[in-house]
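For reference, the structure is listed below as structure tokens.
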Amino acid sequence: MTQTPRPPGSALHTVLLDIDGTLIDSNDAHARAWVDSLRAHGYVVPFEEVRPLIGMGGDKVLPALTGLDPESTEAERMSVTRSELFLERELPTLQPTRGARQLLEHMLGAGLELVVATSAKDDEVRALLERAGVSDLIQLASSADDAERSKPDPDIVRAALRLSGSQAAHSAMIGDTPYDVEAAARARVPAIALRCGGWWDDAALGHATAIYDDPADLVANFETSPLGRGLRQSTSTVNGER
């Protein structure tokens, strides 16, 4: 799809996108893969304990569940097993979130640059975008391979900004977990949260500038959303100039 030039002087240039739970309904699948990987390596951890951690990378998940150093040989083996289970068993069953492609097409049509900012590894990023049916709409992607620390640390968000050449003041992020919201906030990027990743308690997403059910809900309310307002708002207004 050809990107439409954004309105001259618009304050919003770039939208950073999480993938898991945001563009594809994969959070439960990631939790199942972690549970089975941990069990295969001798750790019995219930799904209910793993699920709230999804949205962070293995560098956060493994220490929280096992106490292991994420750079240890054992932790690396667990991460490899999890990735294999996810890609081979879970990925083929996944579906896009409601309105995922429609939202990306709408944003491109409005002239916005789209950049992925995810805690997933590069090989999973490509596979997830394909499965979500949006790989042709994404030109730039930052992943766990571009950051020292995963969300909620801001490294991945900052990597996405560097990749795009955009400034935080002219960007927004769309994600589905408190970790997305916190990572964006720590990088000084306003975040829009989606409930479809499983966080239906808005209090957990409370630092987001706006919360919607899913991509389709955001499309339906686009004009009144922070994205629609950002496109209409001139840079001079953002800077307090008249």
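So the sequence shown is numbered by this note's numbering: it starts at 37 and just counts up by one. All C-beta atoms, glycine included, are put in the ideal place defined by N, C-alpha and C.
For GLY264, there is no enclosing beta strand (DSSP E); the residue is part of the alpha helix (DSSP H) that begins and ends at 262-268. Counting along the chain, the unbroken alpha helix (DSSP H) around GLY94 starts and ends at 94-102.
When only Cα atoms are considered, ASP95 and PRO214 end up about 17 Å apart.
Between the C-alpha atoms of PRO251 and ARG134 there is a straight-line separation of about 6 Å. Of MET114, HIS49, GLN138, the smallest CA-CA separation from LEU59 is found for GLN138. Taken through DSSP and simplified to helix, strand or coil, TYR79 comes out as coil. The three-state reading of DSSP puts LEU144 in helix, counting H, G and I together. Here DSSP, grouped into helix, strand and coil, assigns SER62 to coil. Put simply, of GLU120, ARG167, SER155 the residue whose alpha carbon is nearest the alpha carbon of THR129 is ARG167. In the structure shown, LEU254 adopts helical secondary structure according to DSSP, grouped into three states. Nearest to ALA67 by alpha-carbon distance, out of LEU89, ALA76, GLY169, GLU107, is LEU89. Per the DSSP secondary-structure output, SER202 pairs with nothing in a beta bridge.
In this structure VAL51 is in contact with LEU263, their Cβ atoms being roughly 7 Å apart against a cut-off of 8 Å.
Taking C-beta atoms as the reference points, VAL193 and VAL225 count as a pair closer than 7 Å.
The residue from MET92, LEU53, ASP54, HIS49 with its alpha-carbon nearest to that of TRP70 is MET92. Counting the other Cβ atoms within 10 Å of the Cβ of PRO188 gives 16 or more, which makes it buried. For GLU107, there is no enclosing beta strand (DSSP E), as DSSP marks it with neither H nor E. Rounded to the nearest whole angstrom, the C-alpha separation of ALA246 and GLY266 is 13 Å.
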